[in-house]
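Engineer:
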Ligand code: GLC
Ligand code: CA
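Residue numbers (our numbering): 53 to 606.
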């Protein structure tokens, strides 16, 4: 059985991972073919984003059938083979459970539209006077969150696209159906579950206008969320002792995060929160361009690490996923300092308290693709916002600039396997253009160069297994006033780890607090991103993006 505190999860977006039949779409057989590569990296779990039958309006987060595999990805047999082949390599599969909403192509929704009361009660239909939506809540993908159905003269709620209808979790029959779905996949040998936007499932009793915002304060960490998660646990994965779970908790609070992940609450193993990935949203608006606010980032990490520790909760540690731009293009420097900054960013989170997640391609420094025209984008959110920003009067070039920084497609371009045609991803035409840096940035070159970002990740993954101070130590942030360097200390009995990361290309000098220097005779460098990093000293000069981890015993 794996200890999730010593484990690392690797996220695969199957559509963009590896295509084995030349249709331009990655598939489950592609994942099987690359298992040895993942074994070399050393990861423990593969989180697969949704592969269920879907009209693919939101790339599979709009599920039409929870019990099958979309034919573009393969078959149930392929999936079963994947579970077996991964297990042979001591890798386990984590599935993405999208249970806040279904596709409007799901049979339940079709029957609801057909007028069957039982299925109408599976969703959130509301009447409204005067042809006005029941509330002013906004969809996360832009526009009002209610869709009108003429036949009933009613609206249904969709917090995401209009083809993603929110399920009514207050209906016990819905919850029972959901337990059935989760148990079905657990019986197939799945060992991990990632719950999509799970803190949005509990809607308020009364639906009212939000005079202050977009409505999220009424349903984020909603009234019955803890009850529903505990019941889900009790009826599904709680009956096993080797399942890890992670909840995607958009805009959650610290207090709720602790409850979600404190083992005594019997809800989830850990949580993704996104506060640290909003430090480049100008006035909280994603669709703006802004340098990241480093001081804010530091403050957020400190709070979410130290306070979650105090409450005995557990974090999922991540920079990247299929919804986020590439971190090295975002908070690093993907030009002069690709290697240094990618390694520094990796060390920053892999040495923290929590379970690290790596998003495909991150392990060898994949960057944003910098698309130059709207035709290259596929993502529903990006295209919606392109239109919204147009309506607001923004110029084409300005909008494209924003998308180049903020679009979810930045992370969805095909994995760059080698420098051959289509980056070795497909023999056909890729469903979305390849990032044109693939000749310099690809997994084959990374594997051939012992100094590559890939081997840095490999080492970080192994260190977490070998050093209890990484998996179980306490964390405390230091150098809080420094505006260039993020630094923290991990401790476990007589072991100490000092982690130091320069987030900028300018050289900078730091002074460490004396309390960590008394026993520096026993200190050594555990990992760094320069060959000749300095030994532990009170004063240290850090070069561009320099990152050093000192290990002290005694
Ligand atoms: C999550 C997913 C995202 C999806 C949304 C709606 O945020 O990560 O890709 O669009 O939920 O399911
Ligand atoms: Ca394919």
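We put the CB at the ideal spot given by N, CA and C, even for glycine.
Could you check if residue 77 belongs to the surroundings of ligand 2, using beta carbon to heavy atom distance under 7 Å?
Structural biologist: Counting from 1 along the chain shown, the entry for residue 77 is found at position 25. Under cutoff, so the answer is yes.
Engineer: For residue 408, which three-state DSSP category applies?
Structural biologist: Position 356 of the chain shown, counted from the first residue, corresponds to residue 408. The answer is strand: DSSP assigns residue 408 an E or B state.
Engineer: Verify the contact flag: residue 101, CB atom, against every heavy atom of ligand 2, threshold strictly below 7 Å.
Structural biologist: Position 49 of the chain shown, counted from the start, is the residue given in the question as residue 101. No, since every heavy atom of ligand 2 falls outside the 7 Å radius drawn around the Cβ of residue 101.
Engineer: Go through the region 237-301 residue by residue and report every complete run of the alpha helix (DSSP H) that reaches 4 residues or more, in order.
Structural biologist: With a minimum length of 4 residues, the continuous alpha helix (DSSP H) runs that stay inside the region 237-301 are 268-271 and 277-287.
Engineer: Tell me which residues pass a beta-carbon proximity test against ligand 1: closer than 5 Å to any heavy atom, given in chain order.
Structural biologist: Every residue passing the under-5 Å Cβ criterion appears here: 110, 113, 212, 248, 249 and 375.
Engineer: Could you pull the start and end residues of the alpha helix (DSSP H) that residue 353 belongs to?
Structural biologist: Counted from its first residue, the chain shown places residue 353 at position 301. First-last of the alpha helix (DSSP H) with residue 353: 346-362.
Engineer: Can we count residue 474 as close to ligand 2, meaning its CB is less than 7 Å from some heavy atom?
Structural biologist: Stepping through the chain shown from its first residue, residue 474 is reached at position 422. No - ligand 2 has no heavy atom lying nearer than 7 Å to the Cβ of residue 474.
Engineer: According to DSSP, is residue 463 helix, strand or coil?
Structural biologist: Reading the chain shown from its first residue, position 411 is the one you call residue 463. If DSSP states are grouped into helix, strand and coil, residue 463 belongs with the helices.
Engineer: Taking 7 Å as the cut-off, does the CB of residue 481 come closer than this to any heavy atom belonging to ligand 3?
Structural biologist: Only ligand 1 and ligand 2 can be found as ligands here, which leaves ligand 3 out of the picture.
Engineer: How many Å lie between residue 202 and residue 172 at the Cα?
Structural biologist: Position 150 of the chain shown, counting from 1, holds the residue named residue 202. Position 120 of the chain shown, counting from 1, holds the residue named residue 172. Those two C-alpha atoms are separated by around 14 Å.
Engineer: In terms of alpha-carbon separation, which member of 552, 582, 597 and 578 lies closest to residue 591?
Structural biologist: Mapped onto the chain shown, residue 591 falls at position 539. Ranking 552, 582, 597 and 578 by Cα distance to residue 591 puts 552 first.
Engineer: Which first and last residues belong to the beta strand (DSSP E) in which residue 322 is found?
Structural biologist: Along the chain shown, read from residue 1 onward, the residue named residue 322 stands at position 270. Where residue 322 is concerned, the enclosing beta strand (DSSP E) stretches over 322-324.
Engineer: In three-state terms, what does DSSP make of residue 529?
Structural biologist: For this step, residue 529 is matched to residue 477 along the chain shown. Looking at residue 529 - three-state DSSP - the assignment turns out to be strand.
Engineer: So, does the region 594-605 touch the region 553-566, judging by three or more C-beta pairs under 8 Å?
Structural biologist: Because the criterion of three Cβ pairs below 8 Å is met, the region 594-605 and the region 553-566 touch.
Engineer: In the DSSP assignment, what are the bridge partners of residue 537?
Structural biologist: Within the chain shown, the letter at position 485 stands for residue 537. Answer by DSSP bridge pairing, in chain order: 554.
Engineer: Identify the continuous alpha helix (DSSP H) that holds residue 510 and give its terminal residues.
Structural biologist: Within the chain shown, residue 510 is the residue found at index 458, counting from 1. Looking at the DSSP string, the run of the alpha helix (DSSP H) that includes residue 510 is 505-518.
Engineer: Whose C-alpha, out of 123, 145 and 71, is nearest the C-alpha of residue 132?
Structural biologist: Locating residue 132 in the chain shown gives position 80, where the first residue counts as 1. With distances taken between Cα atoms, residue 132 lies closest to 145.
Engineer: CA-CA distance, residue 387 and residue 396?
Structural biologist: By 1-based counting over the chain shown, the position of residue 387 is 335. By 1-based counting over the chain shown, the position of residue 396 is 344. Approximately 15 Å between the Cα atoms of the pair.
Engineer: Shortest alpha-carbon distance to residue 494 belongs to which of 115, 417 and 455?
Structural biologist: Here residue 494 refers to the residue found at position 442 when the chain shown is read from its first residue. Closest option to residue 494, Cα to Cα, is 417.
Engineer: Between the C-alpha atoms of residue 283 and residue 297, what's the straight-line distance to the nearest angstrom?
Structural biologist: Start at 1 with the first residue of the chain shown, and residue 283 comes out as number 231. Start at 1 with the first residue of the chain shown, and residue 297 comes out as number 245. C-alpha separation (whole angstroms): 14 Å.
Engineer: Tell me whether residue 374 sits in a helix, a strand or coil according to DSSP, three-state version.
Structural biologist: On the chain shown, position 322 is the one that residue 374 refers to. Of the three classes helix, strand and coil, the one that applies to residue 374 here is coil, per DSSP.
Engineer: Where does residue 693 land, buried or exposed, given buried means 16+ other C-beta within 10 angstroms?
Structural biologist: As shown, the chain starts at 53 and ends at 606. That puts residue 693 outside it, with no answer to give.
Engineer: For residue 451 and residue 190, I'd like the C-alpha separation in whole angstroms.
Structural biologist: On the chain shown, position 399 is the one that residue 451 refers to. On the chain shown, position 138 is the one that residue 190 refers to. Straight-line Cα distance between these residues: approximately 21 Å.
Engineer: Between residue 485 and residue 430, what straight-line distance do the alpha-carbon atoms span, to the nearest angstrom?
Structural biologist: Walking along the chain shown from the start, residue 485 turns up at place 433. Walking along the chain shown from the start, residue 430 turns up at place 378. Going from the Cα of residue 485 to the Cα of residue 430 covers about 10 Å.
Engineer: Using the C-alpha atoms, what's the distance from residue 241 back to residue 509?
Structural biologist: Counting from 1 along the chain shown, the entry for residue 509 is found at position 457. Counting from 1 along the chain shown, the entry for residue 241 is found at position 189. The alpha-carbon atoms of residue 509 and residue 241 are separated by roughly 27 Å.
Engineer: What I want to know is whether the C-beta of residue 72 ends up closer than 7 Å to one or more non-hydrogen atoms of ligand 2.
Structural biologist: In the chain shown, the residue the question calls residue 72 occupies position 20. True, at least one ligand heavy atom lies under 7 Å from that Cβ.
Engineer: Hey, residue 578 and residue 538: beta-carbon distance below 8 Å or not?
Structural biologist: Counted from its first residue, the chain shown places residue 578 at position 526. Counted from its first residue, the chain shown places residue 538 at position 486. Contact flag unset, no.
Engineer: Just to confirm before moving on: does the CB-CB distance between residue 323 and residue 345 stay below 8 Å?
Structural biologist: Position 271 of the chain shown, counting from 1, holds the residue named residue 323. Position 293 of the chain shown, counting from 1, holds the residue named residue 345. No, the Cβ-Cβ distance between residue 323 and residue 345 is not below 8 Å.
Engineer: Can you give the beta carbon distance from residue 192 to residue 211, rounded, assuming they're within the 8 Å contact cut?
Structural biologist: As a working mapping, residue 192 is identified with position 140 in the chain shown. As a working mapping, residue 211 is identified with position 159 in the chain shown. With 8 Å as the limit, residue 192 and residue 211 qualify as a contact, their Cβ atoms being about 6 Å apart.
Engineer: Using the Cβ count rule (16 or more neighbours within 10 Å means buried), how would you classify residue 466?
Structural biologist: The count along the chain shown starts at 1 and reaches residue 466 at position 414. Buried is the call here.
Engineer: What is the rounded straight-line gap between the Cα of residue 163 and the Cα of residue 185?
Structural biologist: The sequence position of residue 163 within the chain shown is 111, counting from 1. The sequence position of residue 185 within the chain shown is 133, counting from 1. When rounded, the distance between both Cα atoms is 23 Å.
Engineer: So for residue 210, helix, strand or coil by DSSP?
Structural biologist: Translated into the one-based positions of the chain shown, residue 210 becomes position 158. In this structure, residue 210 counts as coil in the three-state DSSP scheme.
Engineer: Pull up the DSSP beta-bridge partners for residue 200, would you.
Structural biologist: Mapped onto the chain shown, residue 200 falls at position 148. The partner list for residue 200 (beta bridge, DSSP) reads 207.
Engineer: Count the CB pairs spanning the region 442-457 and the region 522-540 that are closer than 8 Å, and state whether there are at least three.
Structural biologist: No contact exists between the region 442-457 and the region 522-540.
Engineer: Do residue 320 and residue 253 have their CB atoms nearer than 8 Å?
Structural biologist: Residue numbering aside, residue 320 sits at position 268 when the chain shown is read from its first letter. Residue numbering aside, residue 253 sits at position 201 when the chain shown is read from its first letter. In this structure, residue 253 does not lie closer than 8 Å to residue 320 by Cβ.
Engineer: Report the rounded CA-to-CA distance for residue 154 versus residue 439, giving the unit in angstroms.
Structural biologist: Reading the chain shown from its first residue, position 102 is the one you call residue 154. Reading the chain shown from its first residue, position 387 is the one you call residue 439. Computed Cα separation, rounded: 25 Å.
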